[in-house]
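Order-wise, the sequence lines are chains W and B.
Take the position in the first sequence, starting the count at 1, then add 117; the result is the number in our numbering.
Take the position in the second sequence, starting the count at 1, then add 244; the result is the number in our numbering.
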Amino acid sequence: MSFADPPGPVRIALLGNPNTGKSTLFNRLTGLRQHIANYPGITVEKKTGAMVLAGRQVELIDLPGAYSLAATSPDERVVMDALCGRLGHRAPDLIVCVVDATNIKRNLFLVSEAAELAIPMVIALNQWDAAKRNGLRINAGLLADRLGVPVIPTIAKRGRGLEELKKAIGHTLADPRRIPRILWPDFIDDARDIVRNGLAQFDVDVTGPEALRMVFDADSAFADKIGHKDRVREILQSARDTIRSHGMNPASVEAVLHYRHLDALLEGVIGGDGMVARTRNSMDALLLNRFWGTLIFFGVMYVVFQSLYAWASPLMRLILAASTWLQAAVSPMLAGTPMIQSLVSDGIIAGVGGILVFLPQILLLFLFIAVLEDTGYLARAAFLMDKLFGWCGLNGKSFVPLLSGYACAIPGVMAARTLEDPKARLTTILMTPFMSCSARLPVYVLLIGAFVEPAHGPIVAGWTLFFMHFVGAAVAMPLAWFMNRCVLRIRTQPFILEMPEYRVPTLRNVTIRMWERGREFVVRAGTVILAFSVILWALLYFPRPESVAEKTRAAFIAAQSAALPAADVARALEDPASGLSVKLARRIDNAYIEQSCLGQFGRAVQPVFDLAGFDWKITVGVLASFPAREIFVSTLGVIYNLDADVGKGTDDLRAVLANEKWHDGPRAGQPVYTLPVVFALMAFFALCMQCGATVAVIAKELNWAWAAGAFAAMTALAWAAAVLIYQIGSRL
Amino acid sequence: MKKLGKTHHDRMLEIVSIASDCARAGRLAALGFLPGRLVRIARIAPLGDPISIEMEGQEISIRRAEADLIVVREVK
């Protein structure tokens, strides 16, 4: 591809190991002109950005960080597929390889692998300052001569070297320069030809570099694309046998040859002792210490958790108050058309408020994550905690997302991006909604306060509440183990953790991270959450025959007139602010809910929940809580016809629940809320993903299939647990 | 000769071989865990796993299960 006539913008890919400052460089080059999406069919984030270079439009692609082009899963294959032009775009016109100057040899391994593709390259030798601090003397000019492509020292964090980098990119586009391919010994060429010739029969188009990947990678994800599993495996086996017959291990032969090549290439390029910096060593000695390190870790995590749980709440209340105020301000303007009024007020304004209310927690969590990641502490935290999570397919980096899940699953699911391993990230995302988020608390408090505390005293009640917080995690972790073993047969990758240098985070980088995540949540997940909110509104609003209101009104007047003079009742109802009018309005609301799609559905599926001891009112409450579990308490208030605003206090509601009895059926006259029912209900809330926003965020982070699957699985699990508890509990 | 995951803290070791040709062994090789290289267990996590390995002035942490794919011998 010549620079003179590219169709559309020039495409440049950023390639590099994790922790090289690649994303910082990407942010620096594109500013905020970024676009984030998912690659189709897989769960990897596709980050592209626009920049202008020498008057030309450039599309910059930030590839996922990787140590090697080897791929055993479609997620890992993204890097190679993007470089080969397999993802619906042509191959990039140029690769900018971001190389960590403190660790040149290992970083050049990936570059050396990519050189096989013969795409023009420019090397950004990043973290140049850290390399100097570590006592390394790097001859960048000599390295450029040896590699045959420009090598530009950069400090992406401070924006140093970017002009030189852009200039080098411009020159290389005009005059393409490539790193020469490594000269493979004959037996490697033979092995590659065995693969290419062998696969020719399947009528697939496999390039030389892709055939090489299949030779080198056991369980190659490139082979998975072809199908014909057994015959392909035979071909690959014979190719790998060729390597074995030369006394080499096929898993390491590529690395042995590349590193031998790099050892020669780097001769005389790097001087100085390159010792691990002394300050770093003493910091690690403290932060990774068995006692102090663990103590500091819990201290740091306490601050993170407190900030999400407590510090975010004034802001969240402010956002909810603003949305309530807006509802009150807008409603009168639309009083002429009650349907539009309700749609705008209960559907749209409440929906938007329900989206924005998550922002404080998301921004705070990403503030902490950006700071923890940039200082280098997040990797240390993962090192400390890995053992706790490794057995069930998670890893040390799962701790922060799962902990965040205790405040709210949404920032938690988003925080799982810090996990590079796709399988561990997937598992972490699916486990996060099980953590006992703060929206479950009001449900627990109501039920424990109404039934456990009066029967067993405050101490048992306190322990019950404490215990409820761990039900989700206790179910989720063995489930994760089971899924990893039996369902998600994604091949396990080694957990590799680099301890980056300790660095001072920059305000710029932290702000960009917060802005990016916040904007992404509002734009990508927000639209879906809003749609959910409107759909739920419709399910609770329609159908709405006038006759329901008239019938309820007539019955209400008849009932009231028995106690009061009819004229007084009529006069009271004239005044919309009178006690009786408010009471009547609530009765009508309640009658409409019973009539609504959701109300009818609740009655229809009650037999399913009857196995867990739920009556139709609980069932409607549970169903209405699917978009957001915190709705449960207020929905019960409406269903039980409470005149007082239950948001202000739950004492009335507690009394009503305690006195609620079955009206008909085999249990007529018995209380609805027995302890088995209460615990079944709490278990249901502990295990169910009753949160439309979480479903939407999982869909955006993974895809809709995973979101729907997780939702269905958690609902089924919650139902089964509730039934089990009720059935066993009521027989004891 | 021993597996790297079974060696003691702070000894100077030389990698003798990679004991497997599975995909995980390939990943370790890509990181530079190759025969002839000198390594040392620099740190062990408080819960016993993972372990942090120093190699050519770099530190990288892996789990003992993976470290066991690497065969080492002690050097004086």
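Heads up, the beta-carbon is just placed ideally off N, CA and C, and yes, glycines get one too.
Quick caveat, the model's predicted, so the values are computed rather than measured.
Check	Outcome
Let me know the secondary structure DSSP gives Ser553/W once reduced to three states.	coil
Residues in the segment 179 to 198 of chain W with C-beta within 8 Å of chain B's C-beta atoms, listed in sequence order?	Tyr184, Ser185, Ala187 and Thr189
Do you know how far the Cα of Leu519/W is from the Cα of Ala853/W?	There is simply no residue 853/W to check, as chain W begins at 118 and stops at 849 in what is shown.
Run through the DSSP bridge pairs and tell me what Ser305/B is partnered with.	Leu614/W and Ser296/B
Does any residue of chain B have a CB that is nearer than 8 Å to the CB of Ser650/W?	no
Runs of 4 residues minimum, wholly inside the segment 229 to 253 of chain W: which ones carry the alpha helix (DSSP H) assignment?	245 to 250
Mapping DSSP to helix, strand and coil, what is Leu206/B?	The structure shown has nothing for residue 206/B, since chain B only spans 245 to 320.
Among Arg746/W, Val266/W, Gly258/W and Thr324/W, whose alpha-carbon lies nearest the alpha-carbon of Ile296/W?	Val266/W
Taking contact to mean 3 or more Cβ pairs, one atom from each stretch, closer than 8 Å, check whether the segment 549 to 557 of chain W and the segment 806 to 823 of chain W are in contact.	yes
In terms of DSSP beta bridges, what is Val386/W paired with?	DSSP output for Val386/W lists no bridge partner at all.
Please state whether the Cβ-Cβ distance between Asp320/W and Thr359/W is less than 8 Å.	no
Compare the C-alpha of Gln787/W against each of Leu849/W, Pro157/W and Asp732/W and name the closest.	Asp732/W
Which residues in chain W sit within 7 Å of Leu282/B, going by Cβ to Cβ distance?	What Leu282/B touches in chain W: nothing, since even the nearest Cβ is about 14 Å away.
Please tell me whether Arg268/B has its Cβ less than 8 Å away from any Cβ of chain W.	yes
Does the segment 152 to 164 of chain W come close enough to the segment 178 to 190 of chain W to have 3 or more Cβ pairs within less than 8 Å?	yes
Inspect the beta-carbon positions of Thr912/W and Ala708/W and report whether they are closer than 8 Å.	The structure shown does not extend to residue 912/W, since chain W is modelled only from 118 to 849, so the question has no answer here.
Quick check for students: name the residue ranges of the alpha helix (DSSP H) that lie wholly in the segment 453 to 501 of chain W, counting only runs of 4 or more.	455 to 459, 467 to 473 and 476 to 492
Using a Cβ cut-off of 8 Å, pull out every chain B residue sitting near Leu501/W, in sequence order please.	Ala289, Pro290 and Leu291
Here's a check: name, in chain order, each residue in its chain whose Cβ is nearer than 6 Å to the Cβ of Cys554/W, leaving out the five neighbours to either side.	Cys525 and Ala526
Name the residues in the segment 247 to 260 of chain B whose C-beta lies less than 9 Å from a C-beta of chain W; which are they?	none
For Gln444/W, which three-state DSSP category applies?	helix
Using a Cβ cut-off of 8 Å (strictly closer), state whether Ile314/B contacts chain W.	no
Please say whether Leu715/W and Val737/W have beta carbons closer to each other than 8 Å?	yes
Any C-beta of chain B within less than 7 Å: which residues of the segment 357 to 378 of chain W qualify?	Asn366, Pro367, Ala368, Ser369, Ala372, Val373 and Tyr376
Rounded C-beta distance between Ile646/W and Ile472/W? I'm assuming under 8 Å.	5 Å
Using 8 Å as the limit for Cβ to Cβ distance, is Thr411/W near chain B?	yes
So that I know if they touch, is there some Cβ in chain W lying closer than 8 Å to that of Ile304/B?	yes
Could you check whether Val315/B and Ala186/B sit closer than 8 Å to each other, using their CB atoms as the reference points?	Missing from the structure shown is residue 186/B; chain B here goes from 245 to 320 and no further.
Taking Glu176/W as part of the beta strand (DSSP E), name the residues at either end of that continuous run.	Arg173 to Asp179
Residues of chain W with CB closer than 8 Å to the CB of Arg271/B, please, in chain order.	Tyr184, Ser185, Ala187, Gln610, Pro611 and Ile613
Under a Cβ-count criterion, where at least 16 other Cβ atoms within 10 Å of its own Cβ denotes burial, should Glu310/B be classed as buried or exposed?	buried
Helix, strand or coil, according to DSSP, for Pro157/W in the structure here?	coil
Per DSSP, what are the beta-bridge partners of Val588/W in this structure?	According to DSSP, Val588/W bridges with nothing at all.
Helix, strand or coil: which one does DSSP assign to Gly635/W?	helix
Please report whether the beta-carbon of Ser355/W lies at a distance below 8 Å from any beta-carbon of chain B.	no
Could you check how far apart the C-beta atoms of Phe485/W and Val421/W are, in whole angstroms? I think they sit under 8 Å.	5 Å
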